[in-house]
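S.K.:
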Amino acid sequence: MEKAASSEPGPETHQSLSDPHQPDRFEERRISSAFHPRTDLENHPERLAATAEGLSTTTSVADTGANPDDYPEGGREALIVLFGAWCVLFCTFGLGNSIGVFQTYYVTDALREYNSSTISWITSFMQWTLNFMPIVWGFAFDKWGPRWLLICGSITYVFGIMMVSLGSEYFHFFLAQSIVCPIGASAVTSASMSCLVTWFHRRRATAFGIMMSGSSVGGVILPIMIPRMIDSVGFPWAMRTVGFMFLSLLAIACCTVRSRLEPQTKPVDMKEYFRGIREPTMMSTVFGLFLVFWGLFVPYAFVILQAKAQGMDDGLVIYLLPIMHAVGLIGRVIPGLVADRIGRYNIMIILATLTGIACLALWIPIKSNAGILVFTAAFGFLSSGLTSIGPTLIAQISDIREIGARTGTAFAFQSFGALTGSPIASAIVDARGGDYLGLQLFCGFSILASAGVFASARYVQAGGFELKKV
Numbered sequence: 001m002e003k004a005a006s007s008e009p010g011p012e013t014h015q016s017l018s019d020p021h022q023p024d025r026f027e028e029r030r031i032s033s034a035f036h037p038r039t040d041l042e043n044h045p046e047r048l049a050a051t052a053e054g055l056s057t058t059t060s061v062a063d064t065g066a067n068p069d070d071y072p073e074g075g076r077e078a079l080i081v082l083f084g085a086w087c088v089l090f091c092t093f094g095l096g097n098s099i100g101v102f103q104t105y106y107v108t109d110a111l112r113e114y115n116s117s118t119i120s121w122i123t124s125f126m127q128w129t130l131n132f133m134p135i136v137w138g139f140a141f142d143k144w145g146p147r148w149l150l151i152c153g154s155i156t157y158v159f160g161i162m163m164v165s166l167g168s169e170y171f172h173f174f175l176a177q178s179i180v181c182p183i184g185a186s187a188v189t190s191a192s193m194s195c196l197v198t199w200f201h202r203r204r205a206t207a208f209g210i211m212m213s214g215s216s217v218g219g220v221i222l223p224i225m226i227p228r229m230i231d232s233v234g235f236p237w238a239m240r241t242v243g244f245m246f247l248s249l250l251a252i253a254c255c256t257v258r259s260r261l262e263p264q265t266k267p268v269d270m271k272e273y274f275r276g277i278r279e280p281t282m283m284s285t286v287f288g289l290f291l292v293f294w295g296l297f298v299p300y301a302f303v304i305l306q307a308k309a310q311g312m313d314d315g316l317v318i319y320l321l322p323i324m325h326a327v328g329l330i331g332r333v334i335p336g337l338v339a340d341r342i343g344r345y346n347i348m349i350i351l352a353t354l355t356g357i358a359c360l361a362l363w364i365p366i367k368s369n370a371g372i373l374v375f376t377a378a379f380g381f382l383s384s385g386l387t388s389i390g391p392t393l394i395a396q397i398s399d400i401r402e403i404g405a406r407t408g409t410a411f412a413f414q415s416f417g418a419l420t421g422s423p424i425a426s427a428i429v430d431a432r433g434g435d436y437l438g439l440q441l442f443c444g445f446s447i448l449a450s451a452g453v454f455a456s457a458r459y460v461q462a463g464g465f466e467l468k469k470v
């Protein structure tokens with residue numbers, strides 16, 4: 001305890017300072033700088049007043065629980081939080097992973113008088129709201145903790161699903177599914193992710209992979225369950241059944257998800273949201289995530305329609321999304337385990353490269369049902385790894401006490417990729433008279449470009465292109 005508070009760094013701090021490019025010590029370097037006022041103020045004398053004002057409440061790293069040695073990395077409490085977060089991801093991203101079901105239903109039934117490009121704004125705006133709102137919820141989490149975010153978010157999300165069941169016009173579905181649902185879903189998702197970060201450090205990517213597997217399980221169950229219920233009891237009762245199921249799972253989350261750290265009491269400072277963007281590593285990481293999300297949801301939204309256009313039987317088409325997410329269940333966990341060993345940026349670059357290649361080399365040339373199934377499985381595995389590793393990149397380059405604001409900022413920027421990706425892809429299909437080649441090229445090159453951007457972020461941290469854990 002005393003060593004953490006001392007103005008002279010201990011042996012572990014010397015190690016991280018002597019190697020400024022050692023990624024495993026990034027958070028320790030930031031914490032060390034924050035709590036060694038003599039060294040910090042010699043380089044930044046303008047911080048004297050702020051340091052003097054806050055010194056009494058930030059005397060030691062141990063007081064904040066932000067020391068890497070303080071993370072439980074497991075145990076009963078951490079696993080309970082992980083289970084609650086898993087339930088949240090099943091409900092939120094699990095339904096988000098089923099956007100192909102809604103896109104197909106709206107195009108062929110409820111909103112068939114609209115073209116697919118117009119309809120795609122419902123699901124793409126839903127993804128945008130889901131990813132943009134954490135910029136608000138992140139600050140609320142840092143200041144007040146997760147409790148009210150979980151409770152109010154759960155109520156709002158379930159209410160939105162019930163309103164979707166009553167929809168009959170375009171604006172009904174848009175308001176309920178694109179605005180109300182994702183506002184609630186983003187609140188519970190943001191709180192769950194931010195809580196989980198406080199319990200894991202060395203095993204963070206693994207924990208996030210397990211948590212994100214909830215969305216894959218949801219992506220397996222819901223795309224089979226919803227169409228079958230639509231056929232048997234109709235769309236309204238299908239959505240109400242989903243709403244009641246989510247209500248029970250989110251109630252579990254409200255009782256189990258909590259943060260290990262106490263909320264901060266500092267006043268509101270909107271500059272926090274944008275301070276990190278000026279950092280080269282943060283800037284390039286966020287831009288890379290934007291490019292990933294620009295292309296990521298295109299196959300999820302259009303693989304069913306594209307398969308039908310190529311003549312795939314309806315009895316087989318219904319299983320494309322479940323196959324994608326069943327394989328993605330493995331893709332959530334294995335890349336996380338590997339990332340904790342070889343480096344999160346390293347595995348992110350590999351995944352982005354392979355995902356882009358899969359879209360260009362597999363999706364474009366295939367014409368058979370077997371080929372579509374192969375692409376679906378490959379994309380499901382690789383893209384699931386991208387979404388589970390992405391948040392851990394932000395955590396790796398952030399002070400844990402600012403994790404809510406910085407994660408929210410990253411999600412807000414990447415949300416614009418989710419917002420515009422599917423409408424752009426749909427407009428390309430309409431412009432080419434129903435041909436999907438342009439859509440496939442857009443998807444593949446967007447994700448492939450993100451690999452180069454992540455490589456630049458890795459270069460900044462590693463100080464070059466040498467092979468090392470980053």
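Quick note on numbering: the sequence shown equals residues 1 to 470 in UniProt numbering. We put the CB at the ideal spot given by N, CA and C, even for glycine. Quick caveat: nothing in here was measured; it's all calculated off a predicted structure.
Could you please give the first and the last residue of the uninterrupted alpha helix (DSSP H) stretch that includes histidine 325?
M.R.: The residue labelled residue 325 in the question sits at position 325 within the sequence shown. 320-342 is the extent of the alpha helix (DSSP H) around histidine 325.
S.K.: Beta carbon of serine 215, beta carbon of alanine 418: below 8 Å?
M.R.: On the sequence shown, residue 215 is found 215 positions in, with the first residue counted as 1. On the sequence shown, residue 418 is found 418 positions in, with the first residue counted as 1. Cβ atoms of serine 215 and alanine 418: not closer than 8 Å.
S.K.: Examine the Cβ distances between the stretch 289-301 and the stretch 228-239 and report whether three or more of them are shorter than 8 Å.
M.R.: The answer is no - the stretch 228-239 does not touch the stretch 289-301, with fewer than three Cβ pairs under 8 Å.
S.K.: Would DSSP call histidine 172 helix, strand or coil?
M.R.: Here the question's residue 172 lines up with position 172 in the sequence shown. Here histidine 172 sits in helix by DSSP.
S.K.: When the Cβ atoms of the stretch 309-327 are set against those of the stretch 372-386, are three or more pairs found closer than 8 Å?
M.R.: The stretch 309-327 vs the stretch 372-386: in contact.
S.K.: Use the C-beta contact count for alanine 370: other C-beta atoms within 10 angstroms, 16 or more gives buried, fewer gives exposed.
M.R.: Sequence index remark: in the sequence shown, residue 370 carries index 370 (1-based). It counts as exposed.
S.K.: I'd like to know whether the C-beta of valine 233 is nearer than 8 Å to at least one C-beta of chain E.
M.R.: In summary, chain E is missing from the structure at hand, where a single protein chain is found.
S.K.: Quick check on the burial criterion: 16 or more other C-beta atoms within 10 angstroms. Buried or exposed for proline 227?
M.R.: For the purposes of this step, residue 227 is taken as the residue at position 227 of the sequence shown. It is buried - the Cβ of proline 227 has at least 16 other Cβ atoms within 10 Å.
S.K.: Rounded to a whole number of angstroms, what is the C-alpha to C-alpha distance between phenylalanine 159 and serine 248?
M.R.: Taking the first residue of the sequence shown as position 1, residue 159 is located at position 159. Taking the first residue of the sequence shown as position 1, residue 248 is located at position 248. Going from the Cα of phenylalanine 159 to the Cα of serine 248 covers about 13 Å.
S.K.: State whether the stretch 193-205 contacts the stretch 334-342, with contact taken as three or more CB pairs (one from each stretch) at a distance under 8 Å.
M.R.: Yes: the two stretches touch, three or more of their Cβ pairs being nearer than 8 Å.
S.K.: Starting from tryptophan 294, follow the alpha helix (DSSP H) in both directions and report where the run begins and ends.
M.R.: Locating residue 294 in the sequence shown gives position 294, counting from the first residue. Looking at the DSSP string, the run of the alpha helix (DSSP H) that includes tryptophan 294 is 280-309.
S.K.: Could you tell me the distance, in whole angstroms, from the CA atom of alanine 462 to the CA atom of lysine 468?
M.R.: By one-based count along the sequence shown, residue 462 stands at place 462. By one-based count along the sequence shown, residue 468 stands at place 468. Roughly 8 Å separates the two Cα atoms.
S.K.: Do the CB positions of residue 544 and glycine 328 come within less than 8 Å of each other?
M.R.: In the structure displayed, the chain extends from 1 to 470; residue 544 sits before or after that span and is not available.
S.K.: On the CB-based measure, 16 or more other CB atoms within 10 Å of its CB, does alanine 395 come out buried or exposed?
M.R.: On the sequence shown, residue 395 is found 395 positions in, with the first residue counted as 1. So alanine 395 counts as buried.
S.K.: Please determine, among Val470, Phe200, Ala449, Ile224, the residue with the shortest C-alpha to C-alpha distance to tyrosine 319.
M.R.: Looking up residue 319 in the sequence shown gives position 319. The shortest Cα separation from tyrosine 319 among Val470, Phe200, Ala449, Ile224 belongs to Ile224.
S.K.: Methionine 211: which of Thr118, Gly145, Cys91, Glu279 sits nearest, CA to CA?
M.R.: The residue you call residue 211 lines up with position 211 of the sequence shown. It is Cys91 whose Cα lies nearest to the Cα of methionine 211.
S.K.: Going straight from the alpha carbon of valine 213 to that of isoleucine 366, what length do you get?
M.R.: The residue given as residue 213 occupies position 213 in the sequence shown. The residue given as residue 366 occupies position 366 in the sequence shown. According to the sequence provided, residue 213 is serine. The question's valine does not apply to it. Looking at the two C-alpha atoms, the distance is approximately 28 Å.
S.K.: Report yes if the CB atom of arginine 332 is closer than 8 Å to the CB atom of threonine 392, and no otherwise.
M.R.: Translated into positions along the sequence shown, residue 332 becomes position 332. Translated into positions along the sequence shown, residue 392 becomes position 392. For arginine 332 and threonine 392, no; Cβs fall outside 8 Å.
S.K.: Hey, quick one: how far does the alpha helix (DSSP H) through glutamine 414 stretch, first residue to last?
M.R.: Taking the first residue of the sequence shown as position 1, residue 414 is located at position 414. 403-431 is the span of the alpha helix (DSSP H), which, as asked, contains glutamine 414.
S.K.: How long is the line joining the alpha carbons of tryptophan 199 and glutamine 306, rounded to whole angstroms?
M.R.: Residue 199 sits at position 199 when you count from the first residue of the sequence shown. Residue 306 sits at position 306 when you count from the first residue of the sequence shown. Roughly 42 Å separates the two Cα atoms.
S.K.: Would the beta-carbon of phenylalanine 83 fall within 8 Å of that of threonine 281?
M.R.: Stepping through the sequence shown from its first residue, residue 83 is reached at position 83. Stepping through the sequence shown from its first residue, residue 281 is reached at position 281. Their beta carbons are not under 8 Å apart, which means phenylalanine 83 does not touch threonine 281 by this criterion.
S.K.: What separation, rounded to the nearest whole angstrom, lies between the Cα atoms of proline 335 and glutamate 113?
M.R.: As a position in the sequence shown, residue 335 is number 335, starting the count at 1. As a position in the sequence shown, residue 113 is number 113, starting the count at 1. Taking the straight line joining both Cα atoms gives about 43 Å.
S.K.: I need the DSSP call for lysine 143, collapsed to helix, strand or coil.
M.R.: As a working note, residue 143 is residue 143 in the sequence shown. It is helical.
S.K.: Looking at residue 487: is its Cβ nearer than 8 Å to the Cβ of glycine 153?
M.R.: Residue 487 lies beyond the stretch modelled for the chain, which goes from 1 to 470, so this question has no answer here.
S.K.: Under the rule that 16 or more other beta-carbon atoms within 10 Å means buried, what is glycine 311, buried or exposed?
M.R.: Taking the first residue of the sequence shown as position 1, residue 311 is located at position 311. Glycine 311 should be labelled exposed.
S.K.: With a threshold of 16 other CB atoms inside 10 Å of the CB of aspartate 142, please say whether the residue is buried or exposed.
M.R.: Here residue 142 corresponds to residue number 142 of the sequence shown, with the count starting at 1. When all chains shown are included, aspartate 142 counts as buried.
S.K.: Can you tell me the Cβ-Cβ gap for phenylalanine 416 and tryptophan 121, rounded? I've got them flagged as a contact below 8 Å.
M.R.: Indexing the sequence shown from 1 puts residue 416 at position 416. Indexing the sequence shown from 1 puts residue 121 at position 121. That belief does not hold up - the Cβ atoms of phenylalanine 416 and tryptophan 121 are roughly 14 Å apart, past 8 Å.
S.K.: Cα-Cα, which of Ser388, Leu149, Ile349, Gly444 is closest to leucine 362?
M.R.: Working through the sequence shown from its first residue, we reach residue 362 at position 362. Residue Gly444 is the option with its Cα nearest to leucine 362.
S.K.: Just list the beta strand (DSSP E) runs in the stretch 197-271, keeping only unbroken ones of 3 residues or longer that don't cross its boundaries, in chain order.
M.R.: Within the stretch 197-271, no complete beta strand (DSSP E) run reaches 3 residues.
S.K.: In the DSSP assignment, find the unbroken alpha helix (DSSP H) run with valine 460 in it and report its ends.
M.R.: In the sequence shown, counting from the first residue as 1, residue 460 sits at position 460. Its alpha helix (DSSP H) spans residues 437-462.
S.K.: Using the three-state DSSP reduction, which class does serine 384 fall into: helix, strand or coil?
M.R.: What you label residue 384 is simply residue 384 of the sequence shown in a count that begins at 1. Here serine 384 sits in helix by DSSP.
S.K.: Using the Cα positions of tryptophan 144 and glycine 356, report the straight-line distance between them to the nearest angstrom.
M.R.: As a position in the sequence shown, residue 144 is number 144, starting the count at 1. As a position in the sequence shown, residue 356 is number 356, starting the count at 1. When rounded, the distance between both Cα atoms is 40 Å.
S.K.: Below 6 Å CB to CB, which residues in the same chain sit around alanine 455 once its five sequence neighbours on both sides are set aside?
M.R.: The residue you call residue 455 lines up with position 455 of the sequence shown. Here the set comprises Ile349.
S.K.: Which residue's Cα is closest to the Cα of alanine 187: Leu250, Val81, Arg260?
M.R.: Here residue 187 is taken as the residue at index 187 of the sequence shown, counted from 1. Per the Cα distances, Leu250.
S.K.: I'd like the span of the alpha helix (DSSP H) that includes methionine 126, first residue to last.
M.R.: Position 126 of the sequence shown, counted from the start, is the residue given in the question as residue 126. Counting along the chain, the alpha helix (DSSP H) containing methionine 126 begins and ends at 116-132.
S.K.: Which same chain residues, not among the five before or five after serine 450, have their C-beta less than 7 Å away from its C-beta?
M.R.: The residue given as residue 450 occupies position 450 in the sequence shown. Closer than 7 Å at Cβ, skipping near neighbours: Gly288, Leu291, Val292, Ala352.
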